[in-house]
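Colleague: This is the structure I want to talk about, given as structure tokens.
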């Protein structure tokens, strides 16, 4: 009799344990750890590429990032491409996250905020649903002067919102000083 009670208890426990698992839960799309951002500006008049880097090797917090000053020519048409790297893993120090971000384009948005002499780039790629992604952008510089270009990679933004860059969470944000000559 004791074996029957033990068997029933064990089967009941197994039944409740197995059925308590939520099998319909989708995997969580976690935010990326981004330690390095590359901005490549292609001067479309001369086919010259200028690359500028922001590197925060210890991630958010801790030491401040090292950010290159962007120097561009005035009255010039540029293509801007963004590349995101996670160099936190010594086994894979140049882990390019850009293809993953493009693949998960509906969950990401590259936002630009330009101040001073810098003009705001306009996204020229989309997320597969017709919404901007921002990995590839275009813009024309105006006259000479200085300013800033802030880049923010948003995670799970509301792209249907009138201000999608004000929604979602931030994977990485960096401000580059800009000089237009």
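Numbering (the numbering used here), first residue to last: 2 to 182. Even glycine gets a Cβ: it sits at the ideal position worked out from N, Cα and C.
1. Does residue 145 pass the burial test, meaning 16 or more other C-beta atoms within 10 Å, or should it be called exposed?
2. My understanding is that residue 42 touches residue 81, with C-beta atoms under 8 Å, so please give their C-beta distance in whole angstroms.
3. Name the residue from 158, 106 and 170 whose alpha carbon lies nearest to the alpha carbon of residue 137.
4. Using DSSP with H/G/I as helix, E/B as strand and the rest coil, what is residue 158?
5. Taking only the alpha-carbon atoms, compute the straight-line gap between residue 165 and residue 133 and give it to the nearest angstrom.
6. Assuming residue 78 contacts residue 46 under a Cβ cut-off of 8 Å, what Cβ separation, rounded to an integer in Å, is found between them?
7. Mind checking which residues open and close the alpha helix (DSSP H) that includes residue 1?
8. If we call anything under 9 Å between Cβ atoms a contact, is residue 95 one with residue 89?
9. Between 142, 49 and 61, which has its C-alpha nearest residue 116's C-alpha?
Modeller: The structure says:
1. By one-based count along the chain shown, residue 145 stands at place 144. Classification of residue 145: exposed, given that the 10 Å Cβ count is below 16.
2. What you label residue 42 is simply residue 41 of the chain shown in a count that begins at 1. What you label residue 81 is simply residue 80 of the chain shown in a count that begins at 1. Right, their Cβ atoms sit about 6 Å apart.
3. Residue numbering aside, residue 137 sits at position 136 when the chain shown is read from its first letter. Closest option to residue 137, Cα to Cα, is 106.
4. Numbered from 1 along the chain shown, position 157 holds the residue referred to as residue 158. DSSP places residue 158 in coil when its eight states are reduced to three.
5. On the chain shown, position 164 is the one that residue 165 refers to. On the chain shown, position 132 is the one that residue 133 refers to. Going by the C-alpha atoms only, they are around 10 Å apart.
6. Locating residue 78 in the chain shown gives position 77, where the first residue counts as 1. Locating residue 46 in the chain shown gives position 45, where the first residue counts as 1. About 6 Å separates the two Cβ atoms, so the contact holds.
7. One cannot answer for residue 1 here, as it falls past the ends of the chain, which runs 2 to 182.
8. The residue labelled residue 95 in the question sits at position 94 within the chain shown. The residue labelled residue 89 in the question sits at position 88 within the chain shown. No.
9. For the purposes of this step, residue 116 is taken as residue 115 along the chain shown, with counting starting at 1. Taking only the C-alpha atoms, the option nearest residue 116 is 142.
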